[in-house]
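Quick note: the sequence shown, position 101, residue 101 per this note's numbering, numbers continuous.
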Amino acid sequence: MKKEQILNGNVYLEVSMGDIVMQKDMDAIANAANAFLRVGGGVAGAIHKAAGPELEKEAMTKGPINPGQAVITKAYNLPNKHVIHVLGPVYDRDIPHDKLLADCYSNALDLCEKHQLTSIAFPAISTGVFGYPVEEAAPVALKAIYAKMPVLNSVKRIRLVIFNERDYDSHIKALKEL
Ligand code: AR6
1 MKKEQILNGN VYLEVSMGDI VMQKDMDAIA NAANAFLRVG GGVAGAIHKA
51 AGPELEKEAM TKGPINPGQA VITKAYNLPN KHVIHVLGPV YDRDIPHDKL
101 LADCYSNALD LCEKHQLTSI AFPAISTGVF GYPVEEAAPV ALKAIYAKMP
151 VLNSVKRIRL VIFNERDYDS HIKALKEL
């Protein structure tokens, strides 16, 4: 499987190609959710399908959420301990989109710390239905994560899971520019 990683302090940041629901070695996976934490399509559809209907039941009690916000639930039939649901900005509607996208990653990592999780895998939030161009989103995501790494205590591994080759290349470019 294609992947590259860097170390900052005691924390590894990895960019890999793959499917967010197949990250068996991660404590948590992040969901690119909708405000009401309903099933949805894309990443959210895949996560809810793999987790089973109990996920939506729990998640809906924690919504609605605002762009940049993160909430945590159990992971049910997924191989992880938790799902961290974040609401990415809709590009050109939720302004400033770069700050709100960075908040998604930062707030998700804060929740990991609060719950003493050691690892989390993220999809490329907002780059599907929400229309954020991946070549713009990739450096925002990687810089937000990188800036947070020196202050993390429990989290030791962070993975960005990218679904296709072109988006993977954008993220590797952004990783190398950190
Ligand atoms: N694993 C990893 N990445 C994936 C997967 C997967 N299984 N499936 C898609 N991607 P999106 P958003 C990539 O649309 O833009 C939903 O309907 C995909 O190629 O899932 O934040 C929610 O309910 C894209 O690059 O998230 C919301 O309403 C990226 O993941 C809305 O879409 C994100 O695509 C959220 O939109």
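From the three backbone atoms N, C-alpha and C, an ideal C-beta is built for every residue, glycine too.
### Unbroken alpha helix (DSSP H) run spanning Tyr-146, endpoints
For this step, residue 146 is matched to residue 146 along the sequence shown. Its alpha helix (DSSP H) spans residues 134 to 148.
### Task
Taking the CB atoms as reference points, tell me whether Gly-88 and Ile-125 lie closer together than 8 Å.
Sequence index remark: in the sequence shown, residue 88 carries index 88 (1-based). Sequence index remark: in the sequence shown, residue 125 carries index 125 (1-based). With respect to the 8 Å criterion, Gly-88 and Ile-125 are classified as neighbours on the basis of their beta carbons.
### Query
On the three-state DSSP scale, how would you describe Ile-84?
The residue you call residue 84 lines up with position 84 of the sequence shown. Strand, per DSSP.
### Query
Where Lys-57 and Ile-120 are concerned, what is the direct C-alpha to C-alpha distance, given to the nearest angstrom?
Working through the sequence shown from its first residue, we reach residue 57 at position 57. Working through the sequence shown from its first residue, we reach residue 120 at position 120. Each residue's Cα considered, the two are about 22 Å apart.
### Query
Would you say the beta carbon of Val-21 comes nearer than 7 Å to a heavy atom of the ligand AR6?
Taking the first residue of the sequence shown as position 1, residue 21 is located at position 21. Answer for Val-21: yes, Cβ within range of the ligand AR6.
### Option nearest Ala-137 by Cα separation, candidates Tyr-12, Thr-118, Lys-173
On the sequence shown, residue 137 is found 137 positions in, with the first residue counted as 1. Nearest to Ala-137 by alpha-carbon distance, out of Tyr-12, Thr-118, Lys-173, is Lys-173.
### Message
Does the distance between the C-beta of Pro-123 and the nearest non-hydrogen atom of the ligand AR6 fall short of 7 Å?
### Response
By one-based count along the sequence shown, residue 123 stands at place 123. For the ligand AR6, at least one heavy atom lies less than 7 Å from the Cβ of Pro-123.
#### Entry: Secondary structure of Tyr-91, DSSP reduced to three states
For the purposes of this step, residue 91 is identified with residue 91 of the sequence shown, where counting begins at 1. Three-state DSSP puts Tyr-91 in coil, outside helix and strand.
### CA-to-CA distance, Glu-4 to His-85, given in whole angstroms
Looking up residue 85 in the sequence shown gives position 85. Looking up residue 4 in the sequence shown gives position 4. Approximately 25 Å, taken between the alpha carbons.
### Task
Could you pull the start and end residues of the beta strand (DSSP E) that Tyr-76 belongs to?
Taking the first residue of the sequence shown as 1, we reach residue 76 at position 76. Note, Tyr-76: premise wrong, no beta strand (DSSP E); not H, not E.
### Task
From the DSSP output, in three-state form, read off Glu-58 for me.
Locating residue 58 in the sequence shown gives position 58, where the first residue counts as 1. In this structure, Glu-58 counts as helix in the three-state DSSP scheme.
### Query
Where does Asp-19 land, buried or exposed, given buried means 16+ other C-beta within 10 angstroms?
The sequence position of residue 19 within the sequence shown is 19, counting from 1. The residue in question, Asp-19, is exposed, as its Cβ has fewer than 16 Cβ neighbours within 10 Å.
### Query
Who are the Cβ neighbours of Lys-148 in its own chain at under 6 Å, not counting the five residues just before and after it?
To locate residue 148, count along the sequence shown from 1; it is residue 148. Counting only residues of its own chain and dropping the five nearest sequence neighbours on each side, Lys-148 has a CB closer than 6 Å to the CB of Ser-106, Leu-109.
#### Entry: Continuous beta strand (DSSP E) stretch holding Asn-8: start and end
The sequence position of residue 8 within the sequence shown is 8, counting from 1. That run of the beta strand (DSSP E) goes 3 to 8.
### Message
Given 7 Å as the limit, tell me if Val-134 has its C-beta closer than that to any heavy atom belonging to the ligand AR6.
### Response
Locating residue 134 in the sequence shown gives position 134, counting from the first residue. Yes, since a heavy atom of the ligand AR6 falls inside the 7 Å radius drawn around the Cβ of Val-134.
### heavy atom of the ligand SAH below 7 Å from Gly-68 C-beta
In the structure on display, the ligand SAH does not appear, and the ligands it does have are the ligand AR6.
### Task
State yes or no: is the C-beta of Asn-34 nearer than 7 Å to some heavy atom of the ligand AR6?
In the sequence shown, counting from the first residue as 1, residue 34 sits at position 34. Using a cutoff of 7 Å, the CB of Asn-34 counts as near the ligand AR6, since one of the ligand's heavy atoms is closer than that.
### Task
Would you check if there are 3 or more beta carbon pairs closer than 8 Å linking the region 139 to 157 to the region 13 to 29?
Under the 8 Å Cβ criterion, the region 139 to 157 counts as touching the region 13 to 29, having at least three qualifying pairs.
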